[in-house]
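Asks:
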Amino acid sequence: MSNMIPSGNYHIRNVQYPNRYISLSGNQFIGHDTPNTFYVDVKDVVPHLATLKEDASGLYLTLDVNDHQVIGKKKPETLQLSSSDGQNFEIMIQGVDQVAYLQNDNNGSNIYVGPAPESGKKQYWRFESVGLRASSEGN
0 MSNMIPSGNY HIRNVQYPNR YISLSGNQFI GHDTPNTFYV DVKDVVPHLA
50 TLKEDASGLY LTLDVNDHQV IGKKKPETLQ LSSSDGQNFE IMIQGVDQVA
100 YLQNDNNGSN IYVGPAPESG KKQYWRFESV GLRASSEGN
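With numbering that gives the first Met the number 0, the residue at position 15 of the sequence shown is 14, and numbering never jumps.
1) On the three-pair Cβ rule with 8 angstroms, is the region 104 to 117 touching the region 79 to 87?
2) Can the beta-carbon of N26 be found less than 9 angstroms from the beta-carbon of R19?
3) Can the beta-carbon of T50 be found closer than 9 angstroms to that of P34?
4) Between the C-alpha atoms of D54 and K120, what's the straight-line distance to the nearest angstrom?
5) Return helix, strand or coil for G71, following the three-state DSSP convention.
6) CB V64 to CB F28, shorter than 9 angstroms?
7) Could you pull out every residue in the same chain whose Cβ sits closer than 7 angstroms to the Cβ of N106, ignoring the five residues on either side in sequence?
8) Counting only runs that start and end within the region 44 to 111, where is the beta strand (DSSP E) found for 3 or more residues in a row?
9) Judging by CA-CA distance, which residue of V45, L101, T36 is the nearest neighbour of D8?
Structure below.
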């Protein structure tokens with residue numbers, strides 16, 4: 000794996016659909032034209048393990064492999080941010096062949112959990128820094 004992003008605040012943009020960011024709607028994460036800010040707390044740099052906490056709600060981004068949804072929960076889930084280039088990341092559960100991907104470019108479309116699509120870049124996400132804020136760590 001390549002370079003891991005540092006802990007900090009990020010907007011998470013889809014690579015295939017660059018007008019879509021991960022945003023929270025209720026307790027479900029969707030692709031939206033308005034980004035939410037996430038605090039990425041890196042747990043282990045080598046295997047790219049981190050938690051992703053949506054700043055405004057305090058909910059953690061989690062992958063529900065049974066319902067194939069990306070859900071916000073109060074309990075953190077350590078995820079793997081897999082990358083071969085240090086810029087485009089797959090969001091996945093370590094050791095599980097399931098990734099978060101955006102099905103289409105519609106504003107408000109669901110982000111699904113499943114095997115990585117065989118074509119395109121729907122499963123790749125770019126973490127755009129919006130500045131570091133140490134106070135987010137304890138929230």
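The beta carbon of each residue, even a glycine, is placed where N, CA and C say it ideally should be.
These numbers come from a predicted model, not from an experiment.
Replies: Reading it off the structure:
1) As far as the Cβ criterion goes, the region 104 to 117 does not touch the region 79 to 87, which means the pair count is below three.
2) Contact flag unset, no.
3) The Cβ-Cβ distance between T50 and P34 does not fall below 9 angstroms.
4) About 26 angstroms.
5) G71 sits in a strand when the DSSP states are folded into three classes.
6) With respect to F28, V64 sits apart: the two C-beta atoms are not nearer than 9 angstroms.
7) Excluding sequence neighbours, N106 sits near H31, D32.
8) Counting only runs of at least 3 residues, the region 44 to 111 fully encloses the following beta strand (DSSP E) elements, listed from N- to C-terminal order: 48 to 53, 59 to 63, 68 to 72, 78 to 81, 88 to 91, 98 to 101.
9) Here residue 8 is Asn; the residue named in the question, Asp, does not match the sequence. Answer by Cα proximity: T36.
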